[in-house]
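Just so you know, the sequences run in chain order A and B.
Taking the numbering used here, the leading residue of the first sequence gets 422, the next gets one more, and so forth.
Taking the numbering used here, the leading residue of the second sequence gets 422, the next gets one more, and so forth.
Cβ coordinates follow ideal geometry from the N, Cα and C atoms, glycine included.
2 protein chains.
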Amino acid sequence: MNRPIKNSRKLSRDVAIVGAGMSKFGAFPGISSRDLFLDAFQEMRLSVDRGFDPREIEALYIGNFSSDIFEGQGHTAAILADWTGLTPRPATRVEDACASSGVALRQGILAVASGLYDIVLVGGIEKMTDMPTSQVTDALATASDTLYEVPAGFTFPGFYAAMATAYMHAYGASVESFMRVGLKNHENGALNEKAQFGATIRQVMDKKIAGALAKGRPAPQWEDELAFLKDERANPVIAWPMRLFDCSPISDGATALLLVSAEIARNFSEAPLYVVGSGQASDAALHDRDTLTALCSAQLAAREAYQMAGVSARDIKIAEVHDCFTIAEIIATEDLGFFPAGQGYRAAEEGLTSRQGSKPVNTSGGLKSKGHPVGASGAGQVVEVWKQMRGEAGARQVAGTLDLALTHNVGGTGQTSVVHIFERR
Amino acid sequence: MNRPIKNSRKLSRDVAIVGAGMSKFGAFPGISSRDLFLDAFQEMRLSVDRGFDPREIEALYIGNFSSDIFEGQGHTAAILADWTGLTPRPATRVEDACASSGVALRQGILAVASGLYDIVLVGGIEKMTDMPTSQVTDALATASDTLYEVPAGFTFPGFYAAMATAYMHAYGASVESFMRVGLKNHENGALNEKAQFGATIRQVMDKKIAGALAKGRPAPQWEDELAFLKDERANPVIAWPMRLFDCSPISDGATALLLVSAEIARNFSEAPLYVVGSGQASDAALHDRDTLTALCSAQLAAREAYQMAGVSARDIKIAEVHDCFTIAEIIATEDLGFFPAGQGYRAAEEGLTSRQGSKPVNTSGGLKSKGHPVGASGAGQVVEVWKQMRGEAGARQVAGTLDLALTHNVGGTGQTSVVHIFERR
Chain A
422 MNRPIKNSRK
432 LSRDVAIVGA
442 GMSKFGAFPG
452 ISSRDLFLDA
462 FQEMRLSVDR
472 GFDPREIEAL
482 YIGNFSSDIF
492 EGQGHTAAIL
502 ADWTGLTPRP
512 ATRVEDACAS
522 SGVALRQGIL
532 AVASGLYDIV
542 LVGGIEKMTD
552 MPTSQVTDAL
562 ATASDTLYEV
572 PAGFTFPGFY
582 AAMATAYMHA
592 YGASVESFMR
602 VGLKNHENGA
612 LNEKAQFGAT
622 IRQVMDKKIA
632 GALAKGRPAP
642 QWEDELAFLK
652 DERANPVIAW
662 PMRLFDCSPI
672 SDGATALLLV
682 SAEIARNFSE
692 APLYVVGSGQ
702 ASDAALHDRD
712 TLTALCSAQL
722 AAREAYQMAG
732 VSARDIKIAE
742 VHDCFTIAEI
752 IATEDLGFFP
762 AGQGYRAAEE
772 GLTSRQGSKP
782 VNTSGGLKSK
792 GHPVGASGAG
802 QVVEVWKQMR
812 GEAGARQVAG
822 TLDLALTHNV
832 GGTGQTSVVH
842 IFERR
Chain B
422 MNRPIKNSRK
432 LSRDVAIVGA
442 GMSKFGAFPG
452 ISSRDLFLDA
462 FQEMRLSVDR
472 GFDPREIEAL
482 YIGNFSSDIF
492 EGQGHTAAIL
502 ADWTGLTPRP
512 ATRVEDACAS
522 SGVALRQGIL
532 AVASGLYDIV
542 LVGGIEKMTD
552 MPTSQVTDAL
562 ATASDTLYEV
572 PAGFTFPGFY
582 AAMATAYMHA
592 YGASVESFMR
602 VGLKNHENGA
612 LNEKAQFGAT
622 IRQVMDKKIA
632 GALAKGRPAP
642 QWEDELAFLK
652 DERANPVIAW
662 PMRLFDCSPI
672 SDGATALLLV
682 SAEIARNFSE
692 APLYVVGSGQ
702 ASDAALHDRD
712 TLTALCSAQL
722 AAREAYQMAG
732 VSARDIKIAE
742 VHDCFTIAEI
752 IATEDLGFFP
762 AGQGYRAAEE
772 GLTSRQGSKP
782 VNTSGGLKSK
792 GHPVGASGAG
802 QVVEVWKQMR
812 GEAGARQVAG
822 TLDLALTHNV
832 GGTGQTSVVH
842 IFERR
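Pasting the structure below:
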C-alpha cells in the first residue's frame, strides 16, 4: 500500500534545539550504556550557551533499539533517568530499530508542541560490542520481518546487498560507486574526534603497508585507495557487492539533545536550531515491496518534512543521512530529492556530496566512519548538524552560511524513516 | 530524589477515546502477537459507533515490553502497521516495561494535542507463553535494574514479596488481606469473557474437589475459599507472602484504542471518553528507594493527572489499577488517594473495592484474573473503563453514573507509573 500522508499541518507551537552532545563512538569494553549516556549528557549540558539547571528538564525520550538483547536491560529510559539524576521526570523509551532516536526526537518535538512541556531531553543509546559479532548480527536481524526474512537466510548486509545489486542493475552503478561513498565518509570521519574510525582509507592503506614492511614482509602494491578497496584481502566481501568498507561498524555510543519551545530558545542558546520540519513514515519489510532501489518511507518522510518547513531539497545546505551501508547513502540522496533517481551514484563519484561539493552529506563521517550504535545514531546526526550550523565543526567545517540542514534516519531496511529539517536564524 | 513535577498545564487541545478493543487474554500457542493485534484492532473498529475508515488513522503508537526477547522480533510498531494495512503511516513503539501501553496512550494523546494528528491508533501487545516460565522470569527481570538487583537474586515475585512483607510490618496486614484481593479479582474476571481465568476461586476449589472425587481419591476438606488459598498444596508460595493466587499470570494478548481530537469525537462516537487527565513519572529501581510501602512515581503521576483534570480521588467512580501482584493493588489504592496510607488492606478486606463497594477497582478482573500480557495491559485497562462508562460491561457492569474513571499502569517495580482519567460527558 502506498497512500499519501495527507497531513502537512504545522505544529501547535515551534520547537528548537538548544543543546547537543555525544559520547565518543567506538568499542568500549566494560563501559555500560548508562555511563556512555552520562558523557553525552555532560557534553550537551556544556553546549547550552547560557547554561541551565538539569532539574529544569521536564521529560526524557530515549531512543534505544535493543538494550534488552545487547545488555540484558529493558526499561531503559527509567534507568537513564535515575542514572542522570532526573527522576521523577517521566521517561519514555522509543524503539524503531536504527531509527529509534530519530523517532525519539520527533516524540520530543510533539511533546513540546502539545503544550505539556517546555524543556525535554532526547537521548539515544546502544551498547553493542559486548557480544560476539554473530550474535550482534542475529540481534540486528530482529529489526527485519522475522517471520519471512530471517528464515530465508537474510541478515542486514544481505538486505542492503540486495538493494545494491538491484541498483547496479537498474542504473549501471559499479562497486566503485559504493567505494566512493566509503572513501568520502572516512575522509570526513578522520576529522571527527568522536568517530569510531579516525583514519582515511589512505591512512588505513599506508598503515597496512608500513606494518608489512616493519615485519620484514613484502609490502602490498596498491596503486591507490581504490585498488586497496578492490583487494579482497584488504577489503573482503561481506555480502556482494558490499565489502567490509561498505558496512558501518558495530558500535557503542550515546547522544543527547535538549529541546525547548521556540519562544524560550534564546534564554538557553545564542544560536538555537529551530526545528522547521519533521516527517516519519513506515513501510512493509523489504520482502514485500515494489522496489529495491528506493525507500518509499524515506520519500514520504522527506515530503512531510519539506512541506512542514516550506522548503525544497535544493534549499538544504548539508545533510546527515543514514549510511548503514554505502548503497544506503546513495539511495538516500535520491529519496531526499538531492539528485534524481539513478543519479545518486554519479553524484557520489563526482564528489558532489563531499565537504567541498554542492551538497555535503555526512560531514561527520556518517554511520560508516563515525560509528553506528544503532539507537544513538539518529540523535547523533543532529549533533553534527548542530556543530556545522553553529560553525563549531573545526577541521571538517563546511564553508558558507548553513541556514538549513536535514537529518535522515532509517530503521531496519526502511520500515521506518524519519526526517528532520533545522533552521539557523 | 523526589522533586515535585512542576508541570500541571493543560494540553493545547483535548483528546477523546472513540474506540477500544482487545483480543482474548490467555495462552495461545502458535498465534503471534501480530494476529492477536488483528483481533484487538477488529474489535476496536466495531466499537466505533459511527464507523470509520482505518485509512483515516494518521499514526500508530504501540506499547510493547520485549517482543525482542519473547518473539525474536524487534521494530514491532512497523510490523504491526504492515500487518494491519496501515503503512505508510508513522509507527512508533513505546517501551516502559509493563507500563508500555499506558505510556503509548500518553504519547498518542500528546501527538494529537500537538496539532500534528487528528486520529491516532494506540495499541499494546505481548506474546509471552512461547518460552519456558524460567526464561519468561528472566526476561521480565530485565525490567528491573539489572546491574544491582538481578545479581542479588531478585525476580519480580521477590520484589513484590519484599513490598508485601514491608507493608505487613508497617501496617499489620496479613496474608488474608492479599487473598481478599485475589478473591475479588477472580470474582470479577469470571464475568469477563476476555479474561485468561474465567473462574472464581470458589469454582477453582470446587473443581479440584470434583476432580479428586472423580478419580476416587479422598476429597480435600476446605472450609471455604480462604482455607483453600491458605493450603500450600492448593496455593503454593511463590515468594512469601505472595502465593500462586497472588500473582498475575504469564499471558498473550493485544489491545487497541482509537484516539481523536475532542472536537471531532462526536463524528465517531455517540459516547466518547474524554481524556481529562494524564500523568507520568519515573523513579529509581526498588533497591534505591526510601520506602517499600508506596510507589512515589504513582503518587506523582496521580497528582499530575488529578490536577490536569481538576478532580480528586473521591470523584473517581471506578478504577483499573496495576495488580501484577495482590499487594500492588492495595498499594495502588493508597497511592491514588482512594484510601489513606496503611488503610488499603482494610478497604480490600471490607469489600470497598468490590463491584458493589464504594470504590470499585479492577472490575475487569485486573491483571490477576484477566491476564497480564505486559505491553498490552495498560491499554487493556482503558478497554474496561470504556465498557463500564458506556454501560456495556454486561454481568460485571457497575451500577450508577460512571462519569469519571481512572487507569493506573506501572512499569517494573514502579520505575514508571502512568495514570489517566477519563470523563463521560
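For ALA594 (chain A), same chain residues with a beta-carbon under 7 Å away, outside a window of 5 residues either side, are TYR588 and TYR766 in chain order. Contacts between LYS431 (chain A) and chain B, judged by CB atoms closer than 8 Å, involve GLY536 in chain order.
Here ARG654 (chain A) is exposed: its Cβ has fewer than 16 other Cβ atoms, across all protein chains shown, within 10 Å.
MET465 (chain A) sits away from LEU680 (chain A), with the two beta carbons spaced by 8 Å or more. Under a criterion of Cβ atoms nearer than 9 Å, the residues of chain A adjacent to ALA706 (chain B) are, in order, HIS496, ALA499, ILE500 and ASP503. For VAL524 (chain B), the enclosing alpha helix (DSSP H) stretches over residues 521-534. ASN830 (chain B) sits in a strand when the DSSP states are folded into three classes. Identification of residues in the segment 482-496 of chain A having a C-beta nearer than 7 Å to some C-beta of chain B yields PHE486, SER487, ASP489, ILE490, GLY493, GLN494, GLY495 and HIS496, given in sequence order. Ranked by how close their Cα comes to the Cα of ALA660 (chain B), the residues B:LYS629, B:HIS607, B:TYR592 and B:MET584 have B:MET584 in first place. Counting only the Cα atoms, MET663 (chain A) lies some 28 Å from VAL806 (chain A).
In this chain, the beta strand (DSSP E) harbouring HIS841 (chain A) covers 837-844. Between the segment 591-605 of chain B and the segment 747-767 of chain B, the count of Cβ pairs shorter than 8 Å is three or higher; the stretches touch.
If the five residues before and after ARG471 (chain B) are omitted, its C-beta is found closer than 6 Å to the C-beta atoms of PHE689, all from its own chain and listed in chain order. Note on geometry: alpha-carbon atoms of ALA480 (chain A) and ILE630 (chain A) lie some 52 Å from one another. PRO693 (chain A) is a Cβ neighbour of ALA686 (chain A), given a cutoff of 8 Å. DSSP, read as helix, strand or coil, puts MET663 (chain B) in strand. Bridge pairing for PHE689 (chain A): absent [DSSP]. Using beta-carbon distances, GLU516 (chain A) counts as an interface residue toward chain B, with a partner under 8 Å. For the segment 548-564 of chain A, residues whose beta-carbon sits nearer than 7 Å to a beta-carbon of chain B comprise THR563 and ALA564. Non-local C-beta neighbours of LYS808 (chain A) in its own chain, meaning closer than 7 Å and more than five positions away in sequence, comprise ALA814, ordered along the chain. Using beta-carbon distances, THR508 (chain B) counts as an interface residue toward chain A, with a partner under 8 Å.
When DSSP states are grouped into helix, strand and coil, LEU680 (chain B) belongs to the strand group.
Secondary structure of ASP517 (chain B) (DSSP, three-state): strand. With contacts defined by Cβ atoms closer than 8 Å, THR784 (chain B) and ILE842 (chain B) do not form a contacting pair. Proximity of the segment 483-499 of chain A to the segment 817-830 of chain B falls short of the contact definition, fewer than three beta-carbon pairs being nearer than 8 Å. The beta-carbon distance between LEU457 (chain B) and ALA800 (chain B), rounded to whole angstroms, is 13 Å. This is too long to meet the 8 Å contact definition.
Using a C-beta cut-off of 8 Å, the segment 557-566 of chain B makes no contact with the segment 552-563 of chain A, since fewer than three inter-stretch Cβ pairs fall below that distance. Taking 8 Å as the cut-off, the beta carbon of LYS791 (chain B) is found no closer than this to the beta carbon of ASP673 (chain B).
According to the DSSP assignment, VAL596 (chain B) belongs to no beta strand (DSSP E) but to the alpha helix (DSSP H) extending over 596-610. Nearest to ALA753 (chain B) by alpha-carbon distance, out of B:THR834, B:VAL819 and B:LEU612, is B:THR834. A check of alpha carbon separations from THR554 (chain A) across A:ILE671, A:GLY637 and A:GLN818 identifies A:ILE671 as the nearest. Counting C-beta atoms within 10 angstroms of its own C-beta, LEU634 (chain A) has fewer than 16 neighbours from the protein chains shown and is therefore classed as exposed. Using a Cβ-Cβ cut-off of 7 Å, GLN701 (chain B) is close to PRO511 of chain A, given in chain order. In its chain, beyond the 5 residues on either side, PHE458 and ILE483 have a beta carbon closer than 6 Å to the beta carbon of LEU501 (chain A). Distance from the Cα of GLU750 (chain B) is smallest, within the candidate group B:LYS780, B:PHE649 and B:ALA730, for B:LYS780. Under DSSP, CYS668 (chain B) takes part in a beta bridge, and its partners are B:PHE746.
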